[in-house]
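Visitor: Numbering (UniProt numbering), first residue to last: 1 to 249.
1) Using beta-carbon positions only, say whether residue 49 and residue 120 come within less than 9 Å of one another.
2) In the DSSP assignment, what residue or residues form a beta bridge with residue 299?
3) Kindly list the residues whose CB is nearer than 8 Å to the CB of residue 137, restricted to its own chain and excluding five residues on each side of it in sequence; keep chain order.
4) Measure the C-alpha to C-alpha separation of residue 108 and residue 27 and round it to an integer number of angstroms.
5) Taking residue 33 as part of the alpha helix (DSSP H), name the residues at either end of that continuous run.
6) For my contact list, residue 115 and residue 96 are in at a C-beta cut-off of 8 Å; report their separation, rounded to the angstrom.
7) Using a Cβ-Cβ cutoff of less than 7 Å, which residues in the same chain neighbour residue 171 once the five nearest sequence positions on both sides are dropped?
8) Quick test of your reading: residue 267 and residue 128, contact by CB under 8 Å. State the CB separation rounded to the nearest angstrom.
9) For the beta strand (DSSP E) that residue 196 lies in, which residues bound it at each end?
10) Give every residue of the same chain whose Cβ lies closer than 6 Å to the Cβ of residue 177, excluding the five residues on either side of it in the sequence, and list them in chain order.
11) Could you tell me the alpha carbon to alpha carbon distance between residue 65 and residue 25, rounded to whole angstroms?
12) Residues in its own chain within less than 7 Å of residue 113 by CB, not counting five upstream and five downstream?
13) Under 6 Å Cβ to Cβ from residue 17, same chain only, skipping five residues before and after it: list those, please.
14) Since residue 162 is in the alpha helix (DSSP H), which residue starts that stretch and which ends it?
15) So if DSSP puts residue 46 in a beta bridge, which residue, or which two residues, is it bridged to?
16) In terms of alpha-carbon separation, which member of 141, 38, 70 lies closest to residue 111?
17) Assuming residue 39 and residue 55 are in contact, meaning their beta carbons sit under 8 Å apart, how far apart are those beta carbons, in whole angstroms?
18) Which whole-angstrom value is the C-beta distance of residue 22 and residue 183, which I expect to be below 8 Å?
19) Assuming residue 252 contacts residue 149 (C-beta within less than 8 Å), just tell me the rounded distance between them.
20) State the start and end residues of the unbroken beta strand (DSSP E) segment that holds residue 96.
21) Could you check how far apart the C-beta atoms of residue 15 and residue 104 are, in whole angstroms? I think they sit under 8 Å.
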């Protein structure tokens with residue numbers, strides 16, 4: 001299967017805070033509510049918040065005490081890093097939070113490859129982004145506010161994101177859609193409009209929230225227990241006697 005490259009050679013403006021995004025406070029609260037539901041399930045030793053937007057979210061509900069924020073912007077707190085080349089060893093991170101970051105990345109596929117590299121064998125990846133097949137994507141297509149985030153960034157369909165993750169060996173655990181708005185206004189839709197959209201038109205939501213878990217297969221295949229037990233067991237018909245080898249005295 002031929003995969004369309006996602007590398008972009010042009011510089012993309014990265015929002016430094018949720019306040020830099022339209023309806024950013026509401027969007028952060030929606031993602032935080034979903035994150036709160038997953039934090040108690042995530043266990044381990046190290047949690048990585050990748051990007052300044054992820055760093056503003058809290059994961060207090062998780063039992064992971066060592067939580068680090070890593071950003072590509074100087075002066076934003078945390079560790080200054082290049083998301084395409086994470087300065088961590090392989091298999092050392094138990095969970096990674098990546099919210100609204102791939103849309104503003106020059107090479108999002110490489111970022112996901114690096115996240116896969118540093119995650120442990122059963123590590124969690126929680127990410128979110130903007131869906132181009134939505135009212136928000138329509139605004140970008142029409143060229144309205146093209147120099148303002150999120151329309152200044154890139155948008156990838158949830159199906160494409162899931163394809164990347166599956167090729168990297170992730171198992172998709174949850175794919176949640178919300179935000180049936182163009183983000184041009186200052187207020188979100190009413191709760192009943194949002195509920196109708198989530199129930200009947202999830203493919204056209206403006207925001208996706210995906211939870212994936214890395215699944216690393218063993219290098220050597222493991223035999224089934226019944227194959228091992230039957231290989232060691234010798235079949236002797238009922239009523240027959242087994243001739244034992246003669247032992248010299």
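Ideal placement from N, C-alpha and C gives every residue a C-beta, glycine not left out.
Here the structure is a predicted model, which means the values were calculated and not measured.
Guide: If we stick to the structure as given:
1) To locate residue 49, count along the chain shown from 1; it is residue 49. To locate residue 120, count along the chain shown from 1; it is residue 120. Contact: no.
2) No answer is possible for residue 299: the residues shown for the chain start at 1 and end at 249.
3) Along the chain shown, read from residue 1 onward, the residue named residue 137 stands at position 137. Excluding sequence neighbours, residue 137 sits near 130, 131, 155, 206.
4) Taking the chain shown and counting its residues from 1, the one referred to as residue 108 is at position 108. Taking the chain shown and counting its residues from 1, the one referred to as residue 27 is at position 27. So the two alpha carbons sit approximately 21 Å from each other.
5) Position 33 of the chain shown holds residue 33. 24-38 is the span of the alpha helix (DSSP H), which, as asked, contains residue 33.
6) Numbered from its first residue, the chain shown carries residue 115 at position 115. Numbered from its first residue, the chain shown carries residue 96 at position 96. About 5 Å; that satisfies the 8 Å criterion.
7) Translated into positions along the chain shown, residue 171 becomes position 171. So the list reads 212, 213, 215, once near-sequence residues are dropped.
8) Residue 267 is absent from the structure shown; the chain starts at 1 and stops at 249.
9) Residue 196 sits at position 196 when you count from the first residue of the chain shown. Unbroken run through residue 196 is the alpha helix (DSSP H), 191-200; no beta strand (DSSP E).
10) Within the chain shown, numbered from 1, the residue matching residue 177 stands at position 177. The answer, listed in chain order, is 202, 205, 208.
11) Here the question's residue 65 lines up with position 65 in the chain shown. Here the question's residue 25 lines up with position 25 in the chain shown. Cα to Cα, residue 65 sits roughly 26 Å from residue 25.
12) Residue mapping note: residue 113 aligns to position 113 of the chain shown, counting from 1. Contacts found: 168.
13) The residue you call residue 17 lines up with position 17 of the chain shown. So no residue of the chain qualifies.
14) Position 162 of the chain shown, counting from 1, holds the residue named residue 162. Run containing residue 162: 158-167, per the alpha helix (DSSP H) assignment.
15) Mapped onto the chain shown, residue 46 falls at position 46. Residue 46 pairs with 66.
16) As a first step, residue 111 is located in the chain shown; it is residue number 111 there, counting from the start. Ranking the options by Cα distance to residue 111, first place goes to 70.
17) In the chain shown, residue 39 corresponds to position 39, counting from 1. In the chain shown, residue 55 corresponds to position 55, counting from 1. At roughly 15 Å, the Cβ-Cβ gap does not stay under 8 Å, so residue 39 and residue 55 are not in contact.
18) Translated into positions along the chain shown, residue 22 becomes position 22. Translated into positions along the chain shown, residue 183 becomes position 183. That belief holds up - the Cβ atoms of residue 22 and residue 183 are roughly 4 Å apart, short of 8 Å.
19) The first residue shown for the chain is 1 and the last is 249, placing residue 252 beyond what the model contains.
20) Walking along the chain shown from the start, residue 96 turns up at place 96. 93-99 is the extent of the beta strand (DSSP E) around residue 96.
21) To locate residue 15, count along the chain shown from 1; it is residue 15. To locate residue 104, count along the chain shown from 1; it is residue 104. Rounded, the Cβ-Cβ distance is 7 Å, consistent with contact.
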